[in-house]
Structures are given as C-alpha cells and as structure tokens.
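Structure record follows, encoded as structure tokens.
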Amino acid sequence: MAKFRVVHYINQFFAQVGGEEKADHRPESREGFVGPGMAFNAAFGDKAEIVGTVICGDSYFNENLETATKEVLGLISSFKPDLVIAGPAFNAGRYGMACGTVAAAVERELDIPAITGMYKENPGVDSFKKDIYIIETKNSAAGMRDAVKVMAPFALKLAAGEEIGASVEEGYIPNGIRVNFFEEKRGSERAVDMLLAKLAGKPFTTEFPMPDFDRVEPKPAIVDISKATIALVTSGGIVPKGNPDRIESSSASKYGKYDIEGVFDLTESTYETAHGGYDPVYANLDADRVLPVDILREYEKDGKIGKLHRYFYSTTGNGTAVASAKAYAAAIGKELVADGVDAVILTST
Amino acid sequence: MKLELGNIFIHDIQFDDLSRVENGVLYINEEELREHLLEDENISSVSFDIAKPGESVRIMPVKDVIEPRVKVEGRGGVFPGVISKVDTVGSGRTNVLKGAAVVTTGTIVGFQEGIIDMSGPGADYTPFSKLNNLVVICEPVEGLKQHAHEKAVRFAGLKAAAYLGRLAKDLEADEVESFETPSLIESFRQYPDLPRVAYVQMLQTQGLLHDTYVYGVDMKQSITTMLYPTELMDGAIISGNCVSACDKNTTYHHLNNPVIRDLYARHGKELNFVGMIITNENVYLADKERSSDWSAKLAEFLGVDGVIISQEGFGNPDTDLIMNCKKIEAKGIKTVIITDEYAGRDGASQSLADADISANAVVTGGNANMVVNLPPMEKVIGHVKLADTIAGGFDGSLQPDGSIVVELQAITGATNELGFNRLSAR
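In the order they appear, the protein sequences are chains L and A. When we follow our numbering, the leftmost residue of the first sequence carries the number 102, and every step to the right adds one. When we follow our numbering, the leftmost residue of the second sequence carries the number 18, and every step to the right adds one.
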C-alpha cells in the first residue's frame, strides 16, 4: 500500500523561524518535515510520510484569521495530502486557536481528515473539540514525545478510515459523542474504586460529567382560557389503534399527527399506546387517561375552553434521545403556532 | 448474618430420563419438569430447549434469567415468600448450580423483552451467552390478561430454577465462598478505622413488566428499607422486569449482585461494608420524594461515609437516581452512582433525563441507543418476528436474511446498571 501523504502545520516557533518577534511571519510551505515533524515522520514508519510542512506566525494567523486560513489551506492542498496534522500546540493559546482553525477548515473545506493536539486548558480546546479530534497533551513542548506517540497512530487510524474508539481509549479530548467500549474491570468494581478514591480525597474521573440542562421557562398564563384553542401533545405514545406510523416502543425516530375531528372519546377499540416504557394495560383500556380528549370535549361543550385543536401530536418518550425530542418539539411547535393554537397540554407518562 | 455459597460447576445440560447432576452435567427429565410447571392452570403449554455457549442460537424474547440454587442449611428456602414460605433467608449454606441458568421466553405483551445470542457479536454484550441455559417456553391459556400472564411466566421460571436447584441439595460443592455481615455495632468495633460504606439499590417498580418483588412483596407498595446483602443470594429479590432488557435486572443479576460481591471483596481491608438499603422507582412524584428521603435518612442513620447507588432502568428513574444522589450527598455522605446512557444512536445527545452537580462520580454501563447488527442464527428459540416491536427495535429491524439490526437496549443485560459488565462509554 502507498504511504499516506501527510502535511504538517506548525507555527514560527516550532519551525525555528523565531519567537514572539517573528509571530507575524506570513504563511509559507516547505517540502518534507520541519522541526517536530521529524518525530512524526519516524513514528509513521512505512505507513505515512510528511510530504510538506506549512508554517505560519501565530499573530499573523489570529489577526488575519480569514485570509490566513485561506492562504494556509491553499498551501496545504497543493501537497495533495491524505491527512493533516496541526501542532501539537500544548498550552499556547494563539497557536491552539490556529491549529484548531486549520484542522477544522481542512476537514470542512478539503474533506481531508485532520487532527491536532493540545493541553486540556488551551482555549482552542473549547472552541474546536466538537469539530475535530484534539489529542490531549501535556502543557509544554516537553511533552512532544508523548504527544507524538498518541497522535501518530491515531492519525493513521483516521486516515485509514478505521473505527475510532472512545476518547479514553484513543486519547482525544471528549467531544460530546459518547462511544461504547469494554473497560478492563466491570462497572461494580470501578464504582468501588471510585468511591474509595472519593472517600480518601484522592483524584478520580467520573465516567459521565453531568450535562448542562436546557431549562425552559413557562409562558405566562392564558388570560381568558374560554377563548383559547388548546392542543394536546403527548410523549405517552397514544396512537390510533394499529399504530399506523409504526412509532417505536422505545427510542422513537418520529412523531405522529392525528386528526380528532368528531372524536369525543378515545376507546379501547380506536386508540392504544405504542409506548414500551410503562404498563400499557390502563392506557389501552382508555387512552383518555394519557391524552384527555374526553374531558376537553366536555370543556369545549361547556364553554370552559375555546376549542380543542383538530390534531394531536404523539411520540414515545421512552429511551428517546433528548436531541430527537427537541427536534420533534421544534417542528410540532412551529405547526401549532401556524395553526393559531394558544396553549398546549403536554402529557407525559 | 453469615452465608456460605457452595458452587457446583455445571459445564453442560442434557435431557435424560432422570433429573440429576453428575460430573458437572445437569440432566433434566423434561416430562417431570413440564408436569410440575403445568400445575399452574394459567399455563396452556410448556416446552424446553437447551442453549449452550458458542452455539448459533438466538433466544428471544427473554423474560427472566434465573440461577438454580437450593438451601442446604439455615432458615428458609430460595425465593422466600414466592416459591418457599416466608422466612428470613441469607444465613447458613446455599448450593448453586454455577454456569447453569433457566431462561424464560414466550410472548408477554407484544413488544418489550430481550435477546440473548449464544454466539456472534451479540454474545459479547450479554453475560448469559456464557451460561448453559435451559430455556422454558411458556404459553398462556386463551384470554389470560397481561398481569396474570406475566405472573404465570415469572412463577414458571422460578419453579423451574428451584426444581433444578433441588438436584444440588446433597451434592458436595466444588468451591465454597463465604460472606458475612455482622450487626452494625459489631462491624464498627471490628473496623473502627475503615470508611463505612453502604449500598443503595434502586429497584424498578413502574407497573407491568417493570416490577420487582422482595420476599414476595411488590416493591412499589413498600417504602425504602434495609436488607442483609446475603439475603439477595437466597433470592429475597426477584425480577418481574424485562422491558428495555439492557438495563433491567434479571433474577440472576439479583442473586449475583456484583456491587455486593465487590464490596465484600474489599470488606475489612479497605472499607467496612455495613449493609444495604433497597428503594423503589415509582412513577408518582410523591413516591419519588418519600422514597429518596428515606434512602438518605437510612444512610444517615447507618452512619456511613459513602454509598454506591445503582439504578435500574432509565428516563423516569433518572429522577429517582438524582434525588437519591442529591439527598444523600446533602447529608455529607459521598456517593458513586451507576447508570447507563441514552445518548442517541449517534452518541451526540444528552445521556440522562435528569442531572445534578452533586452527581460528580458516575459509572456508566454504556450507551443503550448504540445500534448493533446481529447476524442470523441457525436456530431461534422463541419468536423472532417480535424484533420490530421489542424495545430497542424499529420498523425494519428484522432483515430478510434473519439478521437483526437493533439498539443495544434490546439485548438482555447489555448495559446493566449494577455494574455487571465491562461495557462502558466516554
């Protein structure tokens, strides 16, 4: 197999052009490897080769972000690489931003795999960890050898299109994508280890950092409910009997929209639940228990509400990813607003 | 309370004229066992099959997995309040047919229930692919309502396991393990300098196919309480629970609870394992508040420094998990929680339905939404057509060639939240 063609992006300092006084160095390219590229090239063995190095001063890059990115990309693509490595930048902030920008642009615009390496507190991490793989390094260039040991094989894996494992296996900074893998110890033993560390005040790493929650502020109350159009939306999986849209019993990939014009009561023979996460017996006997059409029809008749919206929307909340639920809610919300619905009764289970 | 487990290693199961255990082989007289199970008037037919490790066999849908055990010395019998009379178990000696299990299958509600593959990629995700399984296929009498149907199959599995367990009553064990929990005061005297640790086990209690029974009591009718850990080893807790099978505890899991085992393994060395609290996961907010208040109160009362909290299920129980964690941490007691994740098929979504900053030590059993491709098997025991509608399946899950493309959540025990497996995620 032919060797992968690799282009290496580094700053003026690692290219030995100069220090801070040369930070305005404009983009240039050189054949083969320069500076730390030697270590990468050696680590690649016969699998890949650094065919060119692109160098840019950190100040020039960050102060002329758009043009510098364009110039650097042009120089990179002229080498026709299969893979691009930027840095590693360790804890150098402007270098980190440059490496992140270059690697992300290479993936986005040239469609070539690209990685970089940074210390976890480098500001480039937060800006780019979701766009590209950033291998975690030490905070100074003294960590170059260790960085190369992780970055080089990982880059080869990426270039070869192999499956990428979990962050903890591969050494990249967690990017928000959860990846399954087999640990060495079973979960209960890891829990005991973690508890003993926590009790002893020793460092430990949680396997799942708590997410930031998206809290939704409720709207102010409806002033005159007797004039309001009310819609029913449920994550309780109520569907017409037979589940015509085949909404999944768990991890729903869709929601359904159902016409209830002229429906005054949901009965055992007409509606059921598709939801697999709760005892379905009572919902199947009388789906009004989850989606209260019967009561709202009474209220409609008595003038307690304006009217019940003609359609209800339903999905199963069971095991459904928050991102999916959010997307369904946005789509449903848009239609409800367009249809002039004033309020929604959202029922869960 | 002290219990010895006498393990008798089973490496094969065969049908034969005489039920017995001989040289590590479990022989079963099908007719005798069938008659025993058909004593239940709600069951119309019972058939059996055997599934061994490495075979090209798929079992689905799986309701429960149960390890055969028998009480040899000490009070009570296995599965107290259910199969045996109510009596406090967990002391004396219990024999175990290690390496064997009873697996129950049959249609239950239409969707829900899990998959066990005995070989191939699916086998890596379920601990039950490593066992010699007697599969019990039960069909109900015509018109039996779901709750009664669930109960009938649950009891059939336990009865079959108890029947097999009895074959081990007079056998000499290949290995004896010993577990002991003294009184609280005695344990403090023994290990005054070790951190005191308890285990808080959350039990799924959300209704049909989501229930758990303790000494025969439906746990959703109980408030949070305490047990000696060895009581579980005699079947004090049984499963009525198999929906989204990846993170539901089968009776086998309860009998072999890994948190209990791993805490005992460090007991007297690095920590003092004082005992365990069991709590429920009811669907009403008032129940959630009450049960988690009690978990925290009992943990405080035990005077522990730390607890491990294990969850069962996901979504709605995430709120119970976070309440337990938050309230116990608020008492100044350190926690580690064991959960699993529903991060979407691409792994990019938020994993839990609730969160709190105090939950800073989390062990995860992996992302249950991950899609796996289970190749066709030469033999399917059960009902393969249910692949589209079991939890974790989707329209088109069952491929024309018999393979199944399905989320990990359909595989029995795949992301177990007792920490039974090595699977995790980052």
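Even for Gly, the Cβ is constructed at its ideal location relative to N, Cα and C.
Take residue 131(L), set aside five residues on each side of it, and the residues of its chain with a beta-carbon closer than 6 Å to its own are 154, in chain order. Residue-level contact by beta carbon holds for residue 283(L) and chain A, with a gap shorter than 8 Å. Contact annotation, residue 269(A) with residue 83(A): C-beta distance approximately 6 Å; criterion of less than 8 Å satisfied. For the stretch 331–365 of chain L, the residues whose beta carbon sits under 8 Å from a beta carbon of chain A are, in order, 347, 349, 350, 351, 352 and 354.
Under a criterion of Cβ atoms nearer than 8 Å, the residues of chain A adjacent to residue 424(L) are, in order, 361, 365, 366 and 367.
Residue environment for residue 195(A): exposed (fewer than 16 other C-beta atoms within 10 angstroms of its C-beta). Listed along chain A, the residues sitting closer than 7 Å to residue 292(L) by beta-carbon distance are 276, 325, 353, 355, 380 and 436. Membership of residue 283(A) in the alpha helix (DSSP H) is indicated by the continuous run 275–283.
Using a C-beta cut-off of 8 Å, the stretch 278–290 of chain A makes no contact with the stretch 264–280 of chain L, since fewer than three inter-stretch Cβ pairs fall below that distance.
Ranked by how close their Cα comes to the Cα of residue 325(A), the residues 78(A), 48(A), 75(A) and 379(A) have 379(A) in first place. Contacts between residue 212(A) and chain L, judged by CB atoms closer than 7 Å, involve 300 in chain order. Counting along the chain, the unbroken alpha helix (DSSP H) around residue 163(A) starts and ends at 163–183.
With a cutoff of 8 Å on beta-carbon distance, residue 150(A) and residue 173(A) are scored as not near each other. The DSSP-derived three-state label of residue 270(A) is helix. At the C-beta level, residue 100(A) and residue 399(A) stay beyond 8 Å of one another. Scanning chain A for C-beta atoms nearer than 7 Å to the C-beta of residue 307(L) yields 377, 378 and 379, reported in chain order. Residue 70(A) and residue 135(A) do touch by the CB rule: their CB atoms are close to 6 Å apart, below 8 Å. DSSP places residue 279(L) in no alpha helix (DSSP H); its state is neither H nor E. Spatial neighbours of residue 248(L) in its own chain (CB-CB distance under 7 Å, excluding positions within 5 residues in sequence) are listed in chain order as 189, 218, 236 and 238.
By the CB criterion at 8 Å, residue 426(L) and residue 418(L) fall inside the cutoff.
Residue 191(A) has its alpha-carbon roughly 10 Å from the corresponding atom of residue 114(A). By alpha-carbon distance to residue 313(L), the top candidate from 346(A), 232(A), 54(A) and 366(A) is 366(A). Checking the DSSP bridge columns, you'll see residue 29(A) partnered with 42(A). Taking every protein chain shown into account, the CB of residue 117(L) has fewer than 16 other CB atoms within 10 angstroms, so this residue is exposed. By the criterion of a C-beta distance shorter than 7 Å, residue 164(A) is surrounded in its chain by 225, once the five residues flanking it on both sides are discounted. 8 Å or more divides the Cβ of residue 142(A) from the Cβ of residue 442(A). Between residue 448(L) and residue 335(L), the gap from beta carbon to beta carbon is short of 8 Å. Look at the stretch 264–292 of chain A: the residues with a C-beta under 9 Å from a C-beta of chain L are 274, 275, 276, 277, 278, 279, 280, 282, 283, 287 and 288. The DSSP assignment places 289–298 and 323–327 as complete runs of the beta strand (DSSP E) inside the stretch 286–356 of chain A, in order along the chain (cut-off: 3 residues). In this structure residue 439(A) does not touch residue 390(L) by the C-beta definition: roughly 42 Å separates them, more than the 8 Å allowed. What residue 392(L) touches in chain A, judged by beta-carbon distance under 9 Å, is nothing: the nearest beta carbon there is about 17 Å away.
Sequence-distant partners of residue 370(A) (beyond 5 residues in either direction) whose C-beta falls short of 6 Å from its own C-beta, in its chain, are 332 and 335. Close partners of residue 59(A) in chain L (Cβ separation under 7 Å) are lacking, with about 16 Å as the shortest Cβ gap. Contact annotation: residue 141(L) and residue 177(L) have beta-carbon atoms that are not nearer than 8 Å.
For residue 215(L), the uninterrupted beta strand (DSSP E) run begins and ends at 215–219, by DSSP. Taking the beta carbon of residue 386(A) as reference, the chain L residues within 8 Å of it are 352, 420 and 422, listed in sequence order.
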